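J.:
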Amino acid sequence: MKTKFTFLLASLLISLFIFQACSTKQRAKGSEDEIFVIADSMEFIQVEKDLQQTFGKIIYTPQPEELFKLQRKNINMLDRLKQRKNILIIAP
1410 MKTKFTFLLA
1420 SLLISLFIFQ
1430 ACSTKQRAKG
1440 SEDEIFVIAD
1450 SMEFIQVEKD
1460 LQQTFGKIIY
1470 TPQPEELFKL
1480 QRKNINMLDR
1490 LKQRKNILII
1500 AP
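Per this note's numbering, residue 1410 is the first one in the sequence shown, and the count goes up by one each step.
(1) In whole angstroms, give me the CA-to-CA distance for Ile1454 and Ala1448.
(2) Return the CA-CA distance between Leu1460 and Phe1426, expressed in angstroms with no decimal places.
(3) Any idea if Ile1498 is buried or exposed, counting beta-carbon neighbours within 10 angstroms, 16 or more meaning buried?
(4) With a threshold of 16 other CB atoms inside 10 Å of the CB of Ile1423, please say whether the residue is buried or exposed.
(5) Between Leu1490, Ser1440 and Ala1500, which has its C-alpha nearest Leu1476's C-alpha?
(6) Could you give the first and the last residue of the continuous alpha helix (DSSP H) run that contains Ile1454?
(7) I'd like to check one pair, Glu1443 with Lys1494: are the Cβ atoms closer than 9 Å?
(8) Quick check: what's the CA-CA separation for Lys1482 versus Phe1445?
(9) Between which residues of its own chain and Gln1435 is the CB-CB distance below 7 Å, once the five residues before and five after are set aside?
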């Protein structure tokens, strides 16, 4: 009786673990080489050069191209950008 209960409990826990791994969460949208920077315009001006040095490095392929393209967005657009890839939020 005890072995049946243990087997049933183990089966239940394993099945819960397996079904938990299956997620219905939507995948993020957008291109891989794009970073949305959410920051105030004055703060962005202060850190733009550092961000370009870090994320805007040029890759020398047959055509030189940037590693990432930075796009500054206002904090009001955060709700629209929640489903996007590569979001960087800068705050004071």
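The beta carbon of each residue, even a glycine, is placed where N, CA and C say it ideally should be. None of the values given here were measured: they were computed from a predicted structure.
T.: Well, looking at it:
(1) 9 Å
(2) 41 Å
(3) exposed
(4) exposed
(5) Ser1440
(6) Ser1450 to Phe1464
(7) yes
(8) 7 Å
(9) Gln1492
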